[in-house]
Amino acid sequence: MQMIEYETFSPEETFAIGERFGQQAKPGQVLALTGDLGVGKTLFTQGLAKGLGIDGPVSSPTFTIVQVYENGRLPFYHFDVYRIADPEEMDEIGFDDYVYGEGICLIEWAELIEDILPENCIRITIEKNLEKGFDYRTIRVSGMEE
Ligand code: ADP
Ligand code: MG
2 MQMIEYETFS PEETFAIGER FGQQAKPGQV LALTGDLGVG KTLFTQGLAK
52 GLGIDGPVSS PTFTIVQVYE NGRLPFYHFD VYRIADPEEM DEIGFDDYVY
102 GEGICLIEWA ELIEDILPEN CIRITIEKNL EKGFDYRTIR VSGMEE
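My numbering runs 1 ahead of the 1-based position in the sequence shown.
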């Protein structure tokens, strides 16, 4: 499978990459985001939201699992499943309806619900490399259709 790799050296660059994904997002896309705490998942998401034309603040949906934004080019469903104890909690919020719908889904900490992710989702992993600097990140993307 094709893998695209980006290197970023600042929060702004990561935001800008997210923004490009938002501008190019197609209905039904599911982005599964992986990476340690503080690596930039939410920042990437904020860029993506901007690229979708969503204005207003986007922060991690800490208490709700999913935050819905409907004022952009496409509906945007932002999940943060960090606190999920059991993937069945996702059934309860109607996860499948979001994921197999026509909006854009982005899931932070997607590895925690690996078993219920759709097969064709776009995988995005963000990683630090302190040898290359405090603000350095590698962003790896796979599963994009051409
Ligand atoms: P996560 O959602 O993965 O826990 P956040 O997006 O909330 O992470 O926070 C990332 C933090 O890392 C922010 O404080 C941001 O300013 C900082 N940061 C530094 N360099 C980068 C970079 N290149 N890309 C993304 N974030 C960066
Ligand atoms: Mg986050």
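Think of the CB as a built atom: it goes at the ideal place given N, C-alpha and C, for glycine as much as any other residue.
The model shown is predicted, which means the values in this text are computed figures rather than measured ones.
Is it true that the CB of I105 sits closer than 8 angstroms to the CB of F77?
-> One thing to note: F77 has its Cβ within 8 angstroms of the Cβ of I105.
Decide if I127 is buried, meaning its Cβ has at least 16 other Cβ atoms within 10 Å, or exposed.
-> buried
Chain-ordered list of residues that sit, by beta carbon, closer than 5 angstroms to a heavy atom of the ligand ADP = Neighbourhood of the ligand ADP, defined by CB distance below 5 angstroms to any of its heavy atoms: T9, P12, T15, L38, G39, V40, G41, K42, T43, L44, D136, R138, in chain order.
Going by the CB atoms, is the gap between F80 and I66 shorter than 8 angstroms?
-> yes
Nearest to E20 by alpha carbon, out of G36, Q68, K42?
-> K42
Bridge-paired residues (DSSP) for T9 | R138.
For V100 and F22, the rounded distance between their alpha carbons | 17 angstroms
Select from R124, K133, E132 the residue whose C-alpha is nearest the C-alpha of R141.
-> R124
Hey, quick one: how far does the beta strand (DSSP E) through V67 stretch, first residue to last?
-> 67-70
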